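Scroll down for the structure; my scribbles are underneath it.
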Amino acid sequence: MNVNNNVNLKPFHTFGIDVPCDVLVEASSIDDLISVYRHPDWQDLPKLILGKGSNVLFTEPFHGVIVINQLLGKSISADGEDIYLKVSGGEDWPNLVEWALTQGIPGLENLALIPGCAGSAPIQNIGAYGVEFKDICEYVEYLDLESLDIVRLSTQECQFGYRDSIFKHDLLGKAIITSIGLKLSSQWKPTLNYGPLNTEKELLTSPQLVFDLVCDIRRSKLPDPNVTGNAGSFFKNPVITHENYRQLQALYPDLNGYKADGGVKIAAGWLIDRCGLKGYQIGGAQVHPQQALVIVNVDNATSNDVLDLAWFIKHAVQDKYGVELEHEVRFFNDKQETRLENIFSERF
Ligand code: FAD
Ligand code: EPU
332 MNVNNNVNLK PFHTFGIDVP CDVLVEASSI DDLISVYRHP DWQDLPKLIL
382 GKGSNVLFTE PFHGVIVINQ LLGKSISADG EDIYLKVSGG EDWPNLVEWA
432 LTQGIPGLEN LALIPGCAGS APIQNIGAYG VEFKDICEYV EYLDLESLDI
482 VRLSTQECQF GYRDSIFKHD LLGKAIITSI GLKLSSQWKP TLNYGPLNTE
532 KELLTSPQLV FDLVCDIRRS KLPDPNVTGN AGSFFKNPVI THENYRQLQA
582 LYPDLNGYKA DGGVKIAAGW LIDRCGLKGY QIGGAQVHPQ QALVIVNVDN
632 ATSNDVLDLA WFIKHAVQDK YGVELEHEVR FFNDKQETRL ENIFSERF
């Protein structure tokens, strides 16, 4: 276990903003995690587990212990056509997808190039190009932070939804995901219904070709966090009622909607784009000129620049379409998780 005090979090989150934290621990085993939670000097300090920091915004210096998940290891077993992978929480997700392909294991290719750790994938049920983590998940194991025991949840018990799971609700702050179990099939069952994949359907005759196309699309649309700081989609795609969708469609015929639990899902990127906000900048934070759903750190942005821009976007969309955007990126203040609305209600 590696421990450092007064650390700049810039290399530990993909927004690339200078934010200090009091203590940073790199944990490479379950025993390391347990030691952090038993450490007498840290009993009363706030604690936060991080993977690659690709879905977080630190809104203030963090006065507590940040724990970086570096639990490594993976194993394969098979039963007939079914292939089972057990992957430790700190494994890199994009590397895992590539490794599975080299082992001749299909099923992860639609989820290529999503930054982050394997152990973070269940938290918001990562999804892209028609596949979500829940579709390939067999179980999730976590360290229960009260008992310090390892608990296994089945896929159903994880209560997965769109960018959602039990880890954002009942188990929020109570669990550290230590490993995931994936169930894949040696017989390739492609998922090619998502727009750009569907158009090329006839040509996509192998998992490798799907992987290559997904990587090409992502590289053309999404900014690389190693070059320009960002945390992917800043907001979730909102789900609105059928009635609300009909009203908006009458006004904006090119607005597309997709059936979702509880109504119709519409593209937040489209809404922001049609507010004319592509390229709009506050301080060093900018609405990405190619993908309006992404906020990028183009010029030494501060957390406040990002917050001000997010607040501006939220209000522009609310005023024009009457649709409320909810941020997907997780916000942390000096000691705990917070939300955009809370930050601004305290300011005014
Ligand atoms: P972090 O950002 O480190 O953590 C995210 C949250 O999970 C925090 O609240 C943290 O405390 C908590 N957490 C982390 N690890 C654990 C653990 N082991 N146990 C309990 N809690 C934990 N997401 C998608 O779904 N689809 C996409 O297509 C997609 N594209 C992206 C593209 C870019 C360029 C970027 C920057 C991000 C994108 N994302 C996407 C978001 C991000 O990749 C995912 O949310 C990813 O799963 C985050 O992993 P992480 O390890 O970086 O998590
Ligand atoms: N659009 C615009 N202007 C924009 C951006 C998008 O008009 O500036 C339109 C597109 O033309 C398209 C629609 O909005 O008709 C949807 O765009 P896209 O296919 O790029 O997907 P998205 O809704 O912006 C979602 C996920 C991504 C995921 C992709 C692919 C959310 C919040 N985002 O983005 O996930 O990679 O679909 O499946 O659900 C993330 O969560 O961080 C993330 C990047």
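For the sequence shown, the numbering used here gives the first residue as 332, with consecutive numbering after it.
Ideal placement from N, C-alpha and C gives every residue a C-beta, glycine not left out.
Note that the structure is a prediction, hence the values are computed from the model and not measured.
Does the Cβ-Cβ distance between residue i and residue j come in under 8 Å?
| i | j | result |
| --- | --- | --- |
| lysine 417 | serine 510 | yes |
| leucine 671 | alanine 641 | yes |
| glutamate 657 | lysine 567 | yes |
| asparagine 359 | leucine 402 | First, the residue type needs correcting, since residue 359 is serine and not asparagine in the sequence shown. It is a contact, given that the beta carbons lie within the stated cut-off. |
| asparagine 400 | isoleucine 380 | yes |
| leucine 484 | tyrosine 470 | yes |
| valine 629 | glutamine 617 | yes |
| isoleucine 548 | proline 527 | yes |
| valine 570 | leucine 602 | no |
| leucine 553 | leucine 544 | no |
| asparagine 386 | glycine 615 | no |
| glycine 450 | glycine 382 | yes |
| glutamine 448 | glycine 404 | The residue asked about is misnamed: residue 448 is cysteine in this sequence, not glutamine. Not closer than 8 Å, so no. |
Taking 6 Å as the limit between beta carbons, can you name the residues of its chain near residue i, skipping five residues before and five after?
| i | result |
| --- | --- |
| tyrosine 576 | Gly588, Val595 |
| threonine 559 | Val627 |
| leucine 355 | Asn335, Val338, Ile397 |
| glycine 591 | For the sequence presented, residue 591 should be read as alanine rather than glycine. Only Val570 meet the Cβ criterion. |
| cysteine 546 | Ala443, Leu444 |
| cysteine 468 | Thr486 |
| glutamine 580 | Leu586 |
For the ligand FAD, I want to know if residue i counts as a neighbour, meaning its beta carbon is within less than 7 Å of at least one of the ligand's heavy atoms.
| i | result |
| --- | --- |
| isoleucine 467 | no |
| threonine 345 | yes |
| lysine 378 | no |
| cysteine 448 | yes |
| serine 496 | no |
| glycine 395 | no |
| isoleucine 626 | no |
| lysine 386 | In the sequence as presented, lysine is not what sits at residue 386; that position holds asparagine. For the ligand FAD, at least one heavy atom lies less than 7 Å from the Cβ of asparagine 386. |
| asparagine 561 | yes |
| isoleucine 365 | no |
| asparagine 400 | yes |
| lysine 383 | yes |
| glutamine 455 | yes |
| leucine 484 | no |
| serine 537 | no |
| isoleucine 508 | yes |
| isoleucine 603 | no |
| serine 451 | yes |
| proline 556 | yes |
| isoleucine 348 | no |
So what's residue i in DSSP terms, helix, strand or just coil?
| i | result |
| --- | --- |
| isoleucine 644 | helix |
| asparagine 664 | coil |
| cysteine 606 | coil |
| proline 351 | strand |
| lysine 552 | helix |
| tyrosine 652 | helix |
| histidine 394 | strand |
| isoleucine 680 | Look at the range of the chain in this structure, 332 to 679, and you will see that residue 680 is not part of it. |
| valine 629 | coil |
| lysine 341 | helix |
| valine 367 | helix |
| phenylalanine 565 | coil |
| glutamine 434 | coil |
Looking only at its chain, what residues have a beta carbon closer than 8 Å to the beta carbon of residue i, apart from the 5 residues adjacent to it on each side?
| i | result |
| --- | --- |
| isoleucine 674 | Thr390, Leu638, Phe662, Asn664 |
| isoleucine 524 | The residue asked about is misnamed: residue 524 is asparagine in this sequence, not isoleucine. Hits under 8 Å: Gly461. |
| leucine 502 | Tyr473 |
| proline 351 | Asn337, Val338, Asn339, Leu340, Pro392, Phe393 |
| leucine 432 | Leu439, Glu440, Pro538, Gln539, Phe542 |
| aspartate 475 | Ile481, Val482, Lys505, Ala506 |
| isoleucine 436 | Ile407, Ile414, Leu416, Leu515, Ser517 |
May I ask you to check if the CB of residue i is nearer than 7 Å to at least one heavy atom of the ligand EPU?
| i | result |
| --- | --- |
| tyrosine 652 | no |
| tyrosine 525 | yes |
| glutamate 672 | no |
| alanine 616 | no |
| tyrosine 470 | no |
| serine 676 | no |
| tyrosine 583 | no |
| asparagine 568 | yes |
| lysine 552 | yes |
| asparagine 587 | yes |
Less than 7 Å between C-beta atoms, sequence neighbours within five positions excluded: which residues of the same chain meet that for residue i?
| i | result |
| --- | --- |
| aspartate 604 | Ala623 |
| glutamate 668 | Arg661, Phe662 |
| glycine 384 | Phe343, His344, Thr345 |
| aspartate 363 | Met332 |
| arginine 494 | Gln455, Asn456, Lys567, Glu659 |
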